[in-house]
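First the structure, in the form of structure tokens, and then the observations on it.
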Amino acid sequence: MPSVLDGLSKREMKKRVVLTDDVCVLDEAHFFINGCLELPIIGEDDPFIWNVWVSLSPDNFFKVIDLWDEPARVDLGPMFGWLSTDLPIYPDTINLKTNVHMRGVGLRPLIELEPTNHPLAMEQRNGITKSRVDDLFRLVERSG
967 MPSVLDGLSK REMKKRVVLT DDVCVLDEAH FFINGCLELP IIGEDDPFIW NVWVSLSPDN
1027 FFKVIDLWDE PARVDLGPMF GWLSTDLPIY PDTINLKTNV HMRGVGLRPL IELEPTNHPL
1087 AMEQRNGITK SRVDDLFRLV ERSG
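What follows is the structure, given as structure tokens:
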């Protein structure tokens, strides 16, 4: 779930949040979508995937919802969003700038980070080694 929800009690969650596997709405004012932030693995066909939440503007969120089960959703252009998942093995990832790319029905959106010098953005842009994948799994196990 989006990191902004981490401090909410169960009572607050029930009152203020609509949460599914794919979308989240907080206070009927903040809108999030779940997507895949892919890191290419050098020499491999399949990427390492971070499952992340990204905030969207209300207009873009409702465009996505309106086309959620429609093949035409892939025609939505990239949509700006703010990364809303804290990945604690990196320097602060909250509010990194992203573009959300819708994919076919049944596939989570692809999340593209703005090309900055942030380590996560650099790994997405340049790819990671198999050794780094092993490191990521170990770091996630320790932080989880």
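Numbering follows the numbering used here, with no gaps: position 25 of the sequence shown is 991.
Note that CB positions come from ideal geometry on N, CA and C, so glycine has one too.
Which listed residue (the options) has its alpha carbon closest to that of residue i
| i | options | result |
| --- | --- | --- |
| F1046 | F1103, D1012 and L1079 | L1079 |
| L1053 | W1016, L985, K1063 and T1064 | W1016 |
Per-residue DSSP class, three states only, for residue i
| i | result |
| --- | --- |
| V1071 | coil |
| I1031 | helix |
| L1105 | helix |
| N1061 | coil |
C-beta contact flag for residue i and residue j at 8 Å
| i | j | result |
| --- | --- | --- |
| T1059 | L1049 | yes |
| T1051 | S969 | yes |
| P1013 | P1024 | no |
| G1043 | V1020 | no |
| D1101 | V1071 | no |
| E1010 | L1076 | no |
N-terminal and C-terminal residue of the alpha helix (DSSP H) that residue i is part of
| i | result |
| --- | --- |
| E1004 | That residue, E1004, is in no alpha helix (DSSP H); its beta strand (DSSP E) goes H996 to L1005. |
| E978 | K976 to R982 |
| L1076 | Here L1076 belongs to no alpha helix (DSSP H); instead the beta strand (DSSP E) covers L1076 to L1079. |
| M1088 | P1085 to N1092 |
Residue range of the beta strand (DSSP E) that includes residue i
| i | result |
| --- | --- |
| L1049 | M1045 to L1049 |
| I1008 | Taken as a continuous stretch (DSSP letters only), I1008 belongs to no beta strand (DSSP E), as it is neither H nor E. |
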